[in-house]
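What follows is a short report on a single structure.
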Amino acid sequence: MTERTPSTSPAFLLLCVVLLAGVEALYSHWNTPRTPGEGPAEETALQASSPDSVGDAGLEGPQGGESTLDEQDSLQETPTAPDTSDGSILWTLKDKKEFRGSATIDEEGFVYVGNESGRLYKLDPESGETEWVFNCCEDQPTPEFDEHRGGQLCNIDSTPAIDLDGNLWVGCWNGMLSKLDSDGKILCRAFAKDEFSSSPAVDLDGSIYMGSEDRALRAINGDDCSVKWKQEFPGGAVYGAPAVTAQGTIITTSADDKVYAWNRAGKKLWDFSTGFDVYSSVAVGEDGTLYAGSGDHNLYALSPNGVELWRFTAKDRVDSSAAVGADGTIYTASWDGNVYALHPDGSLRWAFSTNDEVWSSPTVGKDGTVFIGSNDNHLYALQPDGSLLWKTRLDGDIFASPTVGDDGTVYVGTHGGTFYALRSASKGLADSPWPQFKGKRMRRSHACDSLAANCPCSQRELCSDGDPCALEICNDRDDNCDGRIDEGACPPTCSEQTCIDTATYTASCSETGECVRTCRSGFAGGRCDRPTPTDQGPAGSVAWVKATGDSIQGTATVAEDGTIYVGSGDYHLYHLDALGKELCRYRTEYHVDASPLVLSNGQIWFGSNDQMLHGMDAKCQPICSPGDGVLVTGGSITGEPFEADDGSILFTSGDGKLYRSWPGKCRSRVEFSARSTVYGGPVQGQDGLIFVTSYSGSLRAWDPHSRTIRWSLNGMGPIRAAAAISEDRGRLFVASRGNLLAAVQAVDGKVLWELTLDHELWAKPTLGADERVYLGSYDGTVHAISPTGEPLWDFKTGGHIISSIALDEDVDKALYVGSGDGKVYALSLDGKLLWSADTGSPIGASSPALTDDGLVLVGTKSGNLVALRRR
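Below, the structure is given as structure tokens:
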């Protein structure tokens, strides 16, 4: 075992620190990127690798100029002094909100980009001056919106696409897909029941394909924005942009872990299952090979028929969408901080390490330069051999995919709210079908991208009478298809994809193609989500189901009065009675993935991905008025708040900070910054010490009395959850995605024992009365560990386990485990299966919760809170 010792900061070292500060500053400037006003990062990132290996040092170093942008420059429209070097900033556009979507360039070179303020800008490429601004919040026809949205959110994450007539298509969080002409005039609009955070694809027949968070793919008529057909994904939202192959097949990804193929009539041709949710968009190679990244750490190469050709495994999620170079090299990136270049057979060509997670997608320039952004705030330009050409420090994380104009200008926006134009020597995009996210400069997500003669169909009116390519385009259609796509002659029929069993009903396709649902025993009504109070069943049977509008990733909290609070991806926190009946709901501005805290005074506090801590009463009325604005942080709040000994509320945020709030005053303050993303909530130990984990692999002890970090334990690998603490608050147990489980002495950070398992550990450990540790791993195994760190037994489920385990040692003497295979498992304390129950949908980060009346509650990716009988 590797010995880890906590770092301390005794006062007598202060003089040494001051004397060494100058030397430290020099090394920190070279080795560690900084945010203005922030000290050097504590984590050690992967070193840049050699062209043929991963993890070897060598690429990061004095190989090119590094442009920096200080705090004053970031507020200016142009750099303070002319700079003609590659990577230098030509001009900037500053907005109050982040730029998450990517920019699109039209035939004349004008640049279009949207941001979180709901604005779509048309910019002059030379000066950056605004030609016009479209605001998706203006003139909203609110009656067409679903009740839970109300047309209030106007963020544009969507990357615009330009159709064959030069019109723009862009989606908005308020559920609108807008068609605009080149002057910004609205031509027509399509609507969804949830946000369009995906991006549109343009087909050669004028159709527009768009995924949405209401778990649907829509085919939109390009002329009038009417919906031609709609296919639903019961298991998850559609975040990735659809892709259209040269043969006209529409490829989509979904949070239900799959890649799908559809024909132009909306009929499913095939699907392919990955090991976890798929947020990336598919790229299409010259030979039709499909490339899709998954949360299971893999980039998959699939044949046009959906057969796996190979997979490349990174060290973390692959949410980056792949790009293909002119020579067939495939480029992708991962949360592990690496940019990867792969040979066409999937073998590694080279890897380059940045200093933080990479959510951006690579772009390949005409000369083979690879441009990509990182969450370390840098835009990187890499040479074709993987060496660093240059990098430029910008003012925030870079989620967007860069694009390159014909004059070599690179355009990209940041999380800091700035859109940049930078100089490069690469004159345009690589000559390949898919050199960047969504294909070529028009971002049409089509392998042909134009009516070129080398594509299967060179006519605008596809599949019409007499068209010689009708059979090729209309493959796999129903026998009665006459080839007329625009008249909807072949509508989608009932299939296993759209007509599936759930925990509350059975489903089957009738002879006429309709989906017939029959409620299971104990349920009634068309939605089958209300219990029959007198109904009883065996252990593992369904007591009731509450359907919400999106995935449930947080754990339900059961109050002392037996009522239930649970958050959903549909932006709401729900208050339910003990039978699952909705009492009220509270609306936030984004997903509620955090578990709520219920105080003894009846107040409920919880975080949201809208970056705010919310407080409400049992009637779902807000405690703090929206105008207070004091419980706003700089990142998503996914951890459960904690009630401190003094009655204040402690909570963490994705901005890396620990906050303290006083509910009666609606005020909060920052306690300290971990300088790394924090996903798990805080816990309190003896003497008031507060313990916070971070994704950089650190566990810190914060002393609120002296307002200093008493000790810090580093190097454990990425930590996604809070630490578990013993009943006497003397020992901490921490699990990491570095496969490590450690027991730590709370008073001084001494490691009591550590155990390395075979797979990643995502969730907070569960402790028995004797400090036996129970936890699940990413490969679906339940582990039982002795109080001294020895494995006792394990049990294998059929899917990933990324949630904590519920334990009842008194009555049931059982463990309850949720798995990605959609099942809840009840295990005896010695690891024997008592029963299992299928919830009808994969279970993500929602941990089972136990009620006093003998139920186990678990949330699913399909948005259901399922109540199962424990006995």
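Counted the way numbering that gives the first Met the number 0 counts, the sequence shown spans residues 0 to 870. The beta carbon of each residue, even a glycine, is placed where N, CA and C say it ideally should be.
Item, Value
"Can you tell me whether DSSP reads G687 as helix, strand or coil?", "helix"
"Could you check how far apart the C-beta atoms of G427 and V403 are, in whole angstroms? I think they sit under 8 Å.", "6 Å"
"DSSP beta-bridge partners for D702?", "T707"
"Starting from G292, trace the beta strand (DSSP E) in both directions and tell me its first and last residue.", "289–292"
"How close, in whole Å, do the beta carbons of S431 and V363 come, if the pair is a contact with beta carbons under 8 Å?", "7 Å"
"Determine the contact status of G797 and G779, defining contact as a CB-CB distance below 8 Å.", "yes"
"Let me know the secondary structure DSSP gives N337 once reduced to three states.", "strand"
"Please check the pair S594 and G553, which I expect to be a contact at CB under 8 Å, by giving their CB distance rounded to whole angstroms.", "5 Å"
"Determine contact between the region 432–439 and the region 120–137, defined as no fewer than three beta-carbon pairs at a distance below 8 Å.", "no"
"Who pairs with A554 in a beta bridge, going by DSSP?", "The displayed chain sequence assigns Thr, not Ala, to residue 554. Paired residue(s): none; T554 is not in a bridge."
"Measure from the alpha carbon of V865 to the alpha carbon of each residue in K664, V306, H571, K822, then state which is nearest.", "K822"
"Counting only the same chain and skipping the five closest in sequence on each side, list residues whose C-beta sits under 6 Å from that of A102.", "V110, V112, T402, Y410"
"Counting along the chain, where does the beta strand (DSSP E) carrying L828 start and finish?", "Taken as a continuous stretch (DSSP letters only), L828 belongs to no beta strand (DSSP E), as it is neither H nor E."
"Closest to A215 by C-alpha separation, out of F418, L203, F190, would be which residue?", "F190"
"Could you name the residues of the same chain whose beta carbon sits closer than 7 Å to that of W358, not counting the 5 residues immediately before and after it, in chain order?", "D318, S319, N374, F398"
"To the nearest angstrom, report how far apart L833 and L814 are at their CA atoms.", "9 Å"
"Would you mind reading off the limits of the beta strand (DSSP E) that contains S667?", "666–672"
"If we ignore side chains and look at the alpha-carbon of each, how far apart do V243 and T251 end up?", "9 Å"
"Whole angstroms are fine: how far does the CA of F436 sit from the CA of V281?", "9 Å"
"Thinking just about the alpha-carbon of each residue, which of L854, L179, S846 is nearest to the one in A542?", "L854"
"Considering only their Cβ atoms, is the gap separating G638 from Q610 smaller than 8 Å?", "no"
"Using the Cβ count rule (16 or more neighbours within 10 Å means buried), how would you classify V699?", "Residue 699 is actually Arg in this sequence, not Val. Buried, because 16 or more other Cβ atoms sit within 10 Å of the Cβ of R699."
"Per DSSP, what kind of secondary structure is W661 in: helix, strand or coil?", "strand"
"In whole angstroms, what separates the C-alpha of V544 from that of N863?", "6 Å"
"In the DSSP assignment, what residue or residues form a beta bridge with I161?", "L167"
"Have a look at A844, L856, V810, F794 and flag the residue whose alpha-carbon is nearest the alpha-carbon of G830.", "F794"
"My parser needs the beta strand (DSSP E) runs of 3 or more residues fully inside the region 345–428; what are they?", "347–352, 369–372, 377–381, 387–392, 409–412, 417–421"
"May I have the straight-line CA-CA distance separating S660 from T850, to the nearest angstrom?", "29 Å"
"Measuring CB atoms only, is the region 260–274 touching the region 341–356, in the sense that at least three cross pairs come out at less than 8 Å?", "no"
"According to DSSP, is K184 part of a helix, a strand, or is it coil?", "coil"
"Compute the Euclidean distance between the alpha carbons of S352 and Y299, then round it to the nearest angstrom.", "21 Å"
"Would you identify the three-state DSSP class for V110, choosing helix, strand or coil?", "strand"
"Pairs of beta-carbons, one from the region 245–260 and one from the region 411–423, closer than 8 Å: are there three or more?", "no"
"Check whether the Cβ atoms of I801 and G858 lie closer than 8 Å to each other.", "no"
"What three-state label does DSSP hand G696 in the structure shown?", "coil"
"Strictly by DSSP, which residues pair up with S177?", "V169, R188"
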